[in-house]
Amino acid sequence: MLLRLPDISQPILRENPQWSPLLGWSITFVNQTQLLDASTTKLIDLVCQEMNFTEKSETYFNPYKKQNHQINRPQFENNKPRHKKDKVPRGPRLSSQQFGDL
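Set out below in C-alpha cells:
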C-alpha cells in the first residue's frame, strides 16, 4: 500500500505519528526473521526507502507518486486541431424522383 498509494498513505502516517515506530519495528522484525523470498525482501527495502527509514539509493524511483507523473508527462507542443467529421443526416429518406408518382 505504501508503494502503490504513496500520496494517500503518507498523509495518513503523518496524522498518526505513533504508527511510524511500529511500522519501523515490524519491518526490522520481518527482515531479521529471513522467512521472506527475495522479491518480498526487495519490496520491503523499497518501503524503507519510501518512508525514509533508510537512505534512498540513487536509482530509487516510485512511479506511483504524483510528482513523478507530472515530471514524466510528455508535453505536446504541436497541438494540431482535429479534423471534424461531416455529419451524415440520419433518419428516413424520401424516395428519389426517378421512381415517379405512385
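Quick note on UniProt numbering: the sequence shown kicks off at 1 and runs consecutively.
The beta carbon of each residue, even a glycine, is placed where N, CA and C say it ideally should be.
Nothing here was measured: the structure is a model prediction, and the numbers come from that model.
| field | Through-space distance from Y64 to W25, alpha-carbon basis | value | 25 Å
| Alpha carbon of L2 to alpha carbon of V47, nearest angstrom | 7 Å
| request: With a threshold of 16 other CB atoms inside 10 Å of the CB of E50, please say whether the residue is buried or exposed. | output: buried
| request: Report the rounded CA-to-CA distance for F53 versus K84, giving the unit in angstroms. | output: 55 Å
| query | Would you call the CB atoms of V30 and L23 closer than 8 Å? | reply | no
| Does the distance from the C-beta atom of P11 to that of N62 stay below 8 Å? | no
| query | How long is the line joining the alpha carbons of T40 and K80, rounded to whole angstroms? | reply | 46 Å
| query | How many angstroms separate the CA atom of G91 from the CA atom of R82? | reply | 27 Å
| query | If you run the structure through DSSP and keep just helix, strand and coil, what is L94? | reply | coil
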